[in-house]
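For the sequence shown, the working numbering gives the first residue as 1, with consecutive numbering after it.
Notes to accompany the following structure.
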Amino acid sequence: MKKRPIVWTCFGYIVFLLIILLVKPEWGETLFRWSAAEEEVKKRYVNTGEIQGEVLSVEIKKQQYQIRIRLQDGTICIGIVPIEKQVFPGDTIKLKGKVRWPEPPANPGEWDGQLYARTHRFSFYMQGEQIQVIEKGKRSLQRLLFLWKQQLSDGIDRQWSMPWSGIMKSILLGQRGEVEPLIKDTWSQAGIAHVIAISGLHLTVLSQAVFCFLKRFQRIRTAQAETMAVIWLYVVFTGGAIATLRAALMFTIQTLAALLNREEDTPTTLALTAGILLLIQPLYLLEAGFWLSFSAVLALRYGRVWIMSLPFLPYRIRRKIAASLAVSLMVTPISLWFFYQSSIWGFVLNFWVLPAMGAVIPIGLASLMLGAIHPALGAGFSEVVRFILWSFQKGSELFLQIPGGMLRGQPSWYKLIVYYLLLGSVIYYFSKPSPYGKRMVYGLCLSVLTFILFYRVSFWRIIYLDVGQGDCAVIEWKNRVWIIDAGPQYDSVLKPYLLQRGIKEIEGIILSHPDWDHIEGLLALSEDSNFKIKGLWEAQEKVQETEYRQQLEQNISRQGGEIRKIRAGYQLSYNGMHWKAISPVKEYPDINQSSLVVQFQIEDIKFLFTGDIDVYTEADQAGLWEKVQILKVAHHGSRSSSSLEFLIKVDPRLAVISCERQHAYGHPHPEVLERLQKENIECVVTDDAGAVWVENRWGKVCYSTFKEGGTE
């Protein structure tokens, strides 16, 4: 038995990184000094409106150039400029615009912009308004590769129309910015997102083609070395994504082993590859691409053996499903952790996708080369590629229509550990000869680990999401979900949260009033096919019958949801949860005054949601207010609301203010904060604390804030 010291050394390094990055992040901060370096850069550039530096790389994303710029002091930033102005790697440019700093997440499930910037080693963005090329760069490899990529990109545009041209640019050139969002989302849900990412499959096809060509003219060893050089040139050409780097490093290690007449050991190769990547950038350990790439390789190497050893499946079936099923079992939990959803039937679709991709790459390249001579010469090949890509899209749409075909929700970390421990033990056991009965027992273990992964304990929770200058609250009770208002940032805040929580169906939406900062996210939600809304509750006031609200009603009616227009006195109860409308009690001329105010009661805890009412509305309902534990402060903490008399009447233990940092309105106003302090009411503001949630944890009611920890 091999001792494999490299494997154990790399494993220890990965455990060390997990501890300092996840368990004890303050240790990681002490070691790497990320925050200190970011503060130094902010001091230099926080008020700047102009930068000057050398262009390192240029990438097209969302019809804009994203330019990586090295400034004179060595700081790296990303300039975002219109596509009309042409710049090249090596140019020295002056860029005028507005600085935007990468932000950490403020809500569960939200994308971590700060982590992305740290991982890719840049300090800030500048939204360019004016760009000037001061000095043209000299000819360099980077510049030549960029010009070549542009020529190939133009050739792809000639051979294929949108959306297929955007997909082919991603497959061949690594330019994912031009893939249509709908296709990207559909393929991701169907489990074939790997198609539009440069991965090991691309390098395998390329290396085999290059090696077969070169070995005809020279010795095999020389051909192997030259193939390795071509592979690394392609890595630089396509941008060097994690999956590409992993595949190139593994190919390099395997080639060096062959050149040195050494036996290649797969576990050592994988461990050494991971170790090198994490030495280059430790934060790769927190990226989805790292885990997905390595888990897929492990599945193909070891999980496939397990599938092939199952005696109750015919050999022909085992041979066809082994690779795809093994990869699906290995990467599904990782996909759920990072992306919150994964297709159950993705492995079936991959039966066609994986072998078809082996044809798309060479046929696509042939179409480009022939099309460079004359577009008609490559037309036949381009039609074949178009048909294959079309079949991917139609297959994805078909599989997504299968009821129950989509897993959703982020599993807990301890579930992932249990899952992979059990899966590893099953694979290890099945890789050795054993009696049929014992194999059946271990087969049952697979069912148990699947149950562990997807079983969720049902606790109630109310969360106030940080949507900037707006309101949004999500209430979860016994697998039923209510949403009260939803302001801006739907795609970046509310949708990721619902996906992370595994929510597919929404029992009801309560709209306080149709101002844009309360209805924008609801409109986006009602148009999102990922979720079904069963009903909408809104005030029956005429002043609220706006175009936005009518659009929301139409969207929900189109889904088969019911629309209910209510006033004070309306009540609804089920399974221990009760809510009632407290306002409006009469017609109001102002849309804020007419806000639908509701009070939820879960077990013994009362929550009051006040919309944007003012002191006059508070006075009108003076006899209806009850004492509550949690108050959502009206109108984002405006001085026109939350009178002292009102606060004394409702007497909350916790007040939540939802507003945006440094907004023009200056919320929350100091007068409101003083009133809350005078009444000894603890106040949490989302612009400082991020999302705020109250929940029942194993019988204890406590509240937590996303940025500042929790209080019991």
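For each residue, glycine too, the CB sits at the ideal point set by N, CA and C.
Residue 459 sits exposed, since fewer than 16 C-beta atoms from the chains shown fall within 10 Å of its C-beta. For residue 660, the closest C-alpha among the options 686, 414 and 190 is that of 686. For residue 193, the secondary structure class from DSSP, reduced to helix, strand or coil, is helix. Judged by beta-carbon spacing, residue 349 lies beyond the 8 Å limit of residue 200, meaning their Cβ atoms are not closer than that value.
The continuous stretches of beta strand (DSSP E) do not include residue 140, and DSSP gives it neither H nor E. In the structure shown, residue 252 adopts helical secondary structure according to DSSP, grouped into three states.
Residue 298 has its alpha-carbon roughly 21 Å from the corresponding atom of residue 352. Beyond the five residues adjoining it in sequence on each side, residue 264 comes within less than 6 Å, by CB distance, of 254 and 257 in the same chain, given in chain order. Here DSSP, grouped into helix, strand and coil, assigns residue 350 to helix. When 137, 185, 642 and 512 are compared, the shortest CA-CA separation from residue 683 is found for 642. About 13 Å separates the beta carbon of residue 593 from that of residue 567, a gap too long to meet the 8 Å contact definition. In this structure, DSSP gives residue 49 a state outside helix and strand, which the three-state scheme calls coil. In this structure the segment 167 to 180 does not lie against the segment 325 to 344, because fewer than three pairs of beta carbons, one per stretch, are closer than 8 Å.
Between the alpha carbons of residue 382 and residue 156 lies a gap of roughly 9 Å.
In this chain, the alpha helix (DSSP H) harbouring residue 119 covers 113 to 119. Residue 171 carries a helical assignment under DSSP once its states are collapsed to helix, strand and coil. Going by DSSP, residue 228 is part of the alpha helix (DSSP H) stretching over 220 to 238. Each of 700, 689, 68 and 507 was checked against the Cα of residue 574, and the nearest Cα belongs to 507. Annotation for residue 276: 249 place their beta carbon closer than 7 Å to its own, counting only its chain and skipping 5 residues before and after. About 4 Å separates the CB atoms of residue 128 and residue 97; that is less than 8 Å, so the two are in contact.
Secondary structure at residue 97: strand, using DSSP grouped into helix, strand and coil. With a 10 Å radius around the Cβ and a threshold of 16 neighbouring Cβ atoms, residue 136 comes out exposed. Burial state of residue 118 is buried, judged by a 10 Å Cβ sphere holding 16 or more other Cβ atoms. For the pair residue 514 and residue 173, the Cα-to-Cα distance works out to about 45 Å. Ranked by how close their Cα comes to the Cα of residue 409, the residues 502, 94, 41 and 378 have 502 in first place. With three or more CB-CB distances shorter than 8 Å, the segment 630 to 638 counts as touching the segment 461 to 479. At a Cβ-Cβ threshold of 8 Å, residue 576 and residue 547 do not count as neighbours. Taken in chain order, the complete alpha helix (DSSP H) segments of 4 or more residues contained in the segment 603 to 627 are 615 to 620. DSSP, reduced to helix, strand and coil, places residue 334 within a helical segment of the structure shown. Within 10 angstroms of the beta-carbon of residue 84 lie fewer than 16 other beta-carbons, which makes it exposed.
By DSSP's assignment, residue 122 forms no beta bridge with any residue. With respect to the 8 Å criterion, residue 332 and residue 245 are not classified as neighbours on the basis of their beta carbons.
If you ignore the 5 residues before and after residue 669, its C-beta comes within less than 8 Å of the C-beta of 637, 638 and 639, all in its own chain and listed in chain order.
The three-state secondary structure of residue 517, taken from DSSP, is helix.
Taking a C-beta distance under 8 Å as the contact criterion, residue 81 and residue 14 do not qualify as a contact pair. Assignment of residue 146 by DSSP, reduced to helix, strand and coil, places it in the helix class.
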